[in-house]
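Going by UniProt numbering, the first residue of the sequence shown is number 1, and it counts up by one from there.
Heads up: the structure comes next, in structure tokens.
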Amino acid sequence: MLTDKFASTPHQDKHSLLYLYTMQSKNSDSHIYNCTAVTLLNDRQIDFYSSSSDKPRTAKQNWLKNISESDWKYSTEKLQYDRELLNILIVTQMSEFGHSQSGVHVLQWRHGCEGEQSSDGSLTVLNSINEFGYDGEDLIQFNCTSKTWITPEENREREEEWSKAFNADKKCLQCKEMLKMYLKYNTTDITQSHTPPAVYIFANKSVSLTCLITGFYPKDVKLSVRKFGTSIPEHLIISSGIRPNDDGTYQLRKSVEISGDDPADYDCYVSHSSLTEPVMKKWVKPKNGTGTALIEIVAGVVIFVILLGMGPIVLIKKGIIGGAGPQPVNNAVPLNPNAQGDKNIPLLPVSPNGQANSGAGCQPVNNAVPQNFNAPGQCNCGFLILI
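Structure follows, in structure tokens:
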């Protein structure tokens, strides 16, 4: 696959060419199916092809409209030939899986190459890709180095069938030719001058330190989160992966969890082809570190809760709460309106004759004075609270 594992050198530029094809087996009595394709040069679309259109190929970059007539014809014929090849291959797969011609099935093809161009104009292919998918599943791929077909389930019969129907090695060589052809032209509107990344470093409330770089082109970049000048291992890093911006540039962020009171020095270290030397952005800790502030807040809350719980104990010991015995809850009116001061107030409801009444008719206090103490089911209820 086209990956980012090859780093460019000062005297070499890395370029890539990728074709993405899609064919659907529908709406065709003659079994000649519609095919669409997109060509990407250095990760950016340069054309669109649709076999069902009166004008099958459309240029998506201004410079492509100015290439020679012969090169335009050659590159267009390649797309048309690939469409015919895909039509054969999708019929082959429908037959293998026992799918009817009337059903809707999709064959996808992705092939391309990546290479480095030296100052003398020579191009060295570093990597190639040639793989197919059918109805959303991996189907088969061709290894341009070993010149062999590979299937996910080691389907030898399918590998032999495709080897007969498709000269895949030719496609590997053709990709290099096409890439060299496109690089002859002034592709300034697609392969813009290298743009350096803007670098940011910050920590959020959960003490997650993040390095963010954005606005760079091309997408090949190396970003390290460092502690005391040493790169933190990737297995400890959470990475977003390189993602596109809407202006054609790219962005990448990496985060690591750190301790709030960590005294270490952290920085972001960036290498990119647009930079004459790597950029280092150091994390400047806030005066009151995130972790310290968080600890102070938590400690304050804990102390407040403890004091809140101790308050009633202190007041009870001083006789401010409770006195000689617990008070009726909810500010209930004393059962004996003639009682003086804080003389003995019973915990259990009492009747006018002074006898405790613990019957089942006890109702919660609602701050109302019972009109008839002898009426069943009416009484004041007290609660004993243990601290």
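Even glycine gets a Cβ: it sits at the ideal position worked out from N, Cα and C.
- Secondary structure note for Gln93: its alpha helix (DSSP H) is the uninterrupted segment Glu69 to Glu96.
- For Gln93, the CB contacts under 6 Å within the same chain, skipping 5 residues up- and downstream, are Tyr134 in chain order.
- Ser163: member of the alpha helix (DSSP H) spanning Arg156 to Ala165, first to last residue.
- Taken in chain order, the whole beta strand (DSSP E) runs of length 3 or more contained in the segment 245 to 285 are 250 to 257, 266 to 272 and 279 to 282.
- The beta carbon of Ser128 lies closer than 7 Å to those of Cys113, Cys144, Cys172 and Cys175 in the same chain, with the five residues before and after it left out.
- For Ser255, the closest C-alpha among the options Leu209, Leu64 and Thr230 is that of Leu209.
- When only Cα atoms are considered, Ile46 and Thr58 end up about 9 Å apart.
- According to the DSSP assignment, Cys172 belongs to no beta strand (DSSP E) but to the alpha helix (DSSP H) extending over Ala168 to Leu183.
- Residue environment for Val270: buried (at least 16 other C-beta atoms within 10 angstroms of its C-beta).
- Under DSSP, Phe216 takes part in a beta bridge, and its partners are Tyr250.
- In the structure shown, the three-state DSSP call for His111 is strand.
- Put simply, of Val106, Glu137, Asn186 and Ala165 the residue whose alpha carbon is nearest the alpha carbon of Thr22 is Val106.
- His272 counts as buried, since at least 16 other C-beta atoms from the protein chains shown sit within 10 angstroms of its C-beta.
- Beta-bridge annotation (DSSP): Tyr49 is paired with Ala37 and Arg57.
- At a Cβ-Cβ threshold of 8 Å, Arg110 and Leu18 count as neighbours.
- At least 8 Å separates the beta-carbon of His15 from that of Asn34.
- The beta carbons of Leu89 and Phe166 sit about 7 Å from each other, so the pair counts as a contact at 8 Å.
- Inclusion of Asp262 and Lys281 in the CB contact set at 8 Å is not warranted, their separation being larger than that value.
- Straight-line measurement puts the Cα of Met178 at about 29 Å from the Cα of Arg158.
- Val279 is not a Cβ neighbour of Val221, given a cutoff of 8 Å.
- Non-local C-beta neighbours of Leu236 in its own chain, meaning closer than 7 Å and more than five positions away in sequence, comprise Val256, ordered along the chain.
- Around Lys184, the same chain offers no residue with a beta carbon nearer than 7 Å, after the five sequence neighbours per side are excluded.
- Taking C-beta atoms under 8 Å as the contact rule, Leu275 and Ile213 fail to qualify, at a distance of about 11 Å.
- His235 carries a helical assignment under DSSP once its states are collapsed to helix, strand and coil.
- Residues of the same chain with a CB within less than 7 Å of the CB of Glu131, apart from the 5 flanking positions on each side, are Arg110 and Gln141 in chain order.
- Contact between Gly215 and Asn245 is confirmed by a C-beta separation of about 7 Å, below the 8 Å threshold.
- Excluding residues up to 5 positions away in sequence, Asp267 and Tyr269 lie with their Cβ nearer than 6 Å to the Cβ of Arg226 in the same chain.
- Setting aside the 5 residues that flank it on each side, Ser224 is surrounded in the same chain by Ser231 and Tyr269, each with a C-beta closer than 6 Å to its C-beta; the list follows chain order.
- If you draw a straight line from the Cα of Asn155 to the Cα of Glu161, it is about 10 Å long.
- The beta carbon of Ile32 is closer than 7 Å to those of Asn87 in its chain, skipping five residues each way along the sequence.
- Residue environment for Arg243: exposed (fewer than 16 other C-beta atoms within 10 angstroms of its C-beta).
- Lys170 has its alpha-carbon roughly 27 Å from the corresponding atom of Lys55.
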